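To start, the structure itself, in structure tokens.
2 protein chains.
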Amino acid sequence: MSSGSGPARERRGRRPGGPDTRSGVLDAARHEFGERGYDGATVRAIAARAGVDAALVHHYFGTKEQLFVAVMEVPLEPSWIVEQVAEADRGELGQRVARTFFQVWGDPLRRGPLFAMLRSAMTNEKAAALLRQFVTRTLLARLSPMLSDAPDRELRTELMVSQLIGIGMLRYVVQAEPLASASEEEIVAMVAPVLQRYVDATASDPT
Amino acid sequence: MSSGSGPARERRGRRPGGPDTRSGVLDAARHEFGERGYDGATVRAIAARAGVDAALVHHYFGTKEQLFVAVMEVPLEPSWIVEQVAEADRGELGQRVARTFFQVWGDPLRRGPLFAMLRSAMTNEKAAALLRQFVTRTLLARLSPMLSDAPDRELRTELMVSQLIGIGMLRYVVQAEPLASASEEEIVAMVAPVLQRYVDATASDPT
Chain A
0 MSSGSGPARE RRGRRPGGPD TRSGVLDAAR HEFGERGYDG ATVRAIAARA GVDAALVHHY
60 FGTKEQLFVA VMEVPLEPSW IVEQVAEADR GELGQRVART FFQVWGDPLR RGPLFAMLRS
120 AMTNEKAAAL LRQFVTRTLL ARLSPMLSDA PDRELRTELM VSQLIGIGML RYVVQAEPLA
180 SASEEEIVAM VAPVLQRYVD ATASDPT
Chain B
0 MSSGSGPARE RRGRRPGGPD TRSGVLDAAR HEFGERGYDG ATVRAIAARA GVDAALVHHY
60 FGTKEQLFVA VMEVPLEPSW IVEQVAEADR GELGQRVART FFQVWGDPLR RGPLFAMLRS
120 AMTNEKAAAL LRQFVTRTLL ARLSPMLSDA PDRELRTELM VSQLIGIGML RYVVQAEPLA
180 SASEEEIVAM VAPVLQRYVD ATASDPT
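Right, dumping it as structure tokens:
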């Protein structure tokens, strides 16, 4: 677009490889994956958008797949989520998880990449595989030990996650009323006991 | 592909406008929307796939939007769903809804169009609006009267639907284990009481 110098020169003072560069690349990747999906986004376009060389992107993040995983971790911040939730007593875990969900999905800056992730997973097997890894290695491995001890607690953790994904879809993507306009308080009041049920329930629960 | 005669001539013996033609067009539309999404699919391509004239498609289904809505109704069969569920006592509604869900999502022929619908809604505002209409006019209008009477029962109905959408995403799209391989019985045993909680809960429920 601009004359003469390449994009790498346009942002002076940014040291390649410094924290600014890393977050700049992640930010650019977030936009490119969000706009073009996993298939459409290229490391070259991401690098150009961040104003750095593609080789630098590869150097710091590896392959496009690995960059995608890194982008997913930014909005979700698994360590932060686990920290939020870990402070809770088991008896209030449902409510804590519901509130943490709204801190993530209620923030448009974090919601964007989450949508990109879900959208890519629906159209691309590779992206689905990466999301699958993320759910099982990160969320399951860290959250399920907090649930009541039973052989099915990984299944129950995923059912909690699925309730939250479904709310995200219906409230923010489909925007179905009254869910789209309901207050966070109102939704938390309905959903927290449901999530808590997954925390407490055992496999022998009669139906 | 073939010589001479156009696609409309290739399927002899099919009377234009008969039940065969309608279901042939719906079938073709399901494939086109599924493969190309709402934006990519065209009435012309759908007509060609069904072996009929585009004008006939417009005559029977109206616009591309209206055709999309018709396609959505096939896998979901709202009347059938409501029939399944309406027989249930309120006290077993959660379980009945969970079982009906698996009859729909467990069937690959019905699941395909559902994915197409969700995928399109995530990338196209028009498709999202149509899905929104479908959720509110069809599902909400018919299911929410079955829930316990409280001012928030439409919200609770959508939370039930969101739980099922989330399971669909995580089990069939992301294919996260152990949810992807769990038996329907096992999932129904965990989810039915949760759905039942939405059926019974009132707004004043403490959290």
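Note that the protein sequences, when read in sequence, are chains A and B. Numbering that gives the first Met the number 0 numbers the first residue of the first sequence as 0 and each following residue consecutively. Numbering that gives the first Met the number 0 numbers the first residue of the second sequence as 0 and each following residue consecutively. Where a beta carbon is used, it is the ideal one built from N, C-alpha and C, also for glycine. Note that the coordinates shown come from a computational prediction; the quantities given were computed from them, not determined experimentally.
The shortest C-alpha to C-alpha distance from A/V24 to any of A/G39, A/L113, A/H57 is the one to A/H57. For B/A181, the secondary structure class from DSSP, reduced to helix, strand or coil, is coil. Judged by beta-carbon spacing, B/A175 lies within the 9 Å limit of A/T135, meaning their Cβ atoms are closer than that value. Sequence-distant Cβ neighbours of B/A179 in its own chain, meaning closer than 6 Å and more than five residues away, are R170. For B/E183, the closest Cβ of chain A is not nearer than 9 Å.
Taking each of A/G105, A/L130, A/V84 in turn and checking the Cα distance to A/R141, the smallest one comes out for A/V84. Look at B/L146 here: in three-state DSSP terms it is coil, with no helix or strand label.
A direct Cα-to-Cα measurement between A/E184 and B/I186 gives close to 28 Å.
Not flagged as an interface residue toward chain A: B/E82, since no C-beta distance is shorter than 9 Å. When Cβ-Cβ separations below 9 Å define contact, B/R118 makes contact with chain A. Collapsing the DSSP output to three states places B/A46 in a helix. Out of B/Y197, B/S147, B/S143, the CA that lies nearest to the CA of B/Q162 is found in B/Y197. Only S161, Q162, L163, I164, G165, I166, G167, M168, L169, R170, V172, V173, Q174, A175, E176, P177, L178, A179, A181, E185, I186, V187, A188 from the segment 161-188 of chain A bring a Cβ to less than 9 Å from some Cβ of chain B. Scanning chain B for C-beta atoms nearer than 9 Å to the C-beta of A/A27 yields nothing, as the closest lies near 21 Å away. Of the candidates A/E91, A/R21, A/G90, A/R21 places its Cα closest to the Cα of A/Y59. Residue state for B/G61 is assigned as coil, using DSSP reduced to three classes.
At least 9 Å separates the CB of A/E86 from every CB of chain B. Think of a sphere of 8 Å around the beta carbon of B/A200: the chain A residues whose beta carbon falls inside it are M189, P192, in chain order. Around the beta carbon of B/Q65, a 10 Å sphere encloses fewer than 16 other beta carbons of the protein chains shown; the residue is thus reported as exposed. When the five nearest sequence neighbours on each side are left out, the beta carbons in the same chain lying within less than 6 Å of the beta carbon of A/D199 are those of S147, in order along the chain. Taking the Cα of B/M71 as reference, the smallest distance to any Cα among B/Q94, B/Y37, B/R95 is reached at B/Y37. B/E157 is classed as buried because its beta carbon has at least 16 other beta carbons within 10 Å across all chains shown. Residue-level contact check: B/T99 does not touch chain A, since none of the beta carbons of chain A fall below 9 Å from its beta carbon. By the CB criterion at 9 Å, A/M159 and A/V96 fall inside the cutoff.
Out of B/A128, B/E86, B/L154, the CA that lies nearest to the CA of B/V68 is found in B/A128. Going by beta carbons, B/M189 and A/R155 fall inside the 9 Å limit.
Taking 9 Å as the cut-off, the Cβ atoms of A/M168 and B/L117 count as close. Here B/G39 is exposed: its Cβ has fewer than 16 other Cβ atoms, across all protein chains shown, within 10 Å. The DSSP-derived three-state label of B/T20 is helix. With contacts defined as CB atoms closer than 9 Å, B/A53 and B/A27 fail to qualify as a contacting pair.
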